[in-house]
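Participant: Okay, handing you the structure first.
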Amino acid sequence: MYSSGYPMGIILLLLIVILIYRSFGKGKKADHEAEFLAKLEQQYKEALRSSDKHRALELGRNYYRYKRNGELTVYDEQALANDLATMK
11 MYSSGYPMGI ILLLLIVILI YRSFGKGKKA DHEAEFLAKL EQQYKEALRS
61 SDKHRALELG RNYYRYKRNG ELTVYDEQAL ANDLATMK
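Put into structure tokens, the structure is as follows:
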């Protein structure tokens, strides 16, 4: 019996297309996350330049939480305290 490689070729092509599509999708997600993190950092730095320590603390915690997947470390809290101490 003669076996053709045609069906296997189609399956292989579909797998390649799916992998390429998924890899581009992840790149866009990473770009979006990087943009969002940059926006959080910018908001935090702007709050530090203001005189509203409560807002700066809130935005700083949001920024560090996002960087650490929702968890603040002792070092993050210390960095926040140091930043707030420099405010006027």
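In this note's numbering, the protein residues as written are 11 to 98.
By construction, the Cβ of each residue, glycine as well, lies at the ideal position given by its N, Cα and C atoms.
Alpha carbon to alpha carbon, how far is Arg59 from Gln52? Give it in angstroms, no decimals.
Facilitator: Here residue 52 refers to the residue found at position 42 of the sequence shown. Here residue 59 refers to the residue found at position 49 of the sequence shown. Distance between the alpha carbons of Gln52 and Arg59 is about 11 Å.
Participant: I'd like to check one pair, Tyr74 with Leu67: are the Cβ atoms closer than 7 Å?
Facilitator: As a position in the sequence shown, residue 67 is number 57, starting the count at 1. As a position in the sequence shown, residue 74 is number 64, starting the count at 1. Against a cut-off of 7 Å, the Cβ pair of Tyr74 and Leu67 comes out as no contact.
Participant: Leaving aside the five residues before and after Leu47 along the sequence, list all residues of the same chain whose C-beta is less than 8 Å from its C-beta, in chain order.
Facilitator: The residue given as residue 47 occupies position 37 in the sequence shown. For Leu47, where only same-chain residues beyond five positions count, the Cβ hits under 8 Å are Tyr73, Tyr76 and Lys77.
Participant: Spatial neighbours of Leu94 within its chain, please: C-beta separation below 7 Å, excluding the five flanking residues on both sides.
Facilitator: Along the sequence shown, one-based indexing puts residue 94 at 84. Cβ within range, chain order: Lys63, Ala66 and Leu67.
Participant: What runs of the beta strand (DSSP E), each 3 residues or longer, lie entirely inside the region 17-69?
Facilitator: Complete beta strand (DSSP E) runs here, min 3: none at all.
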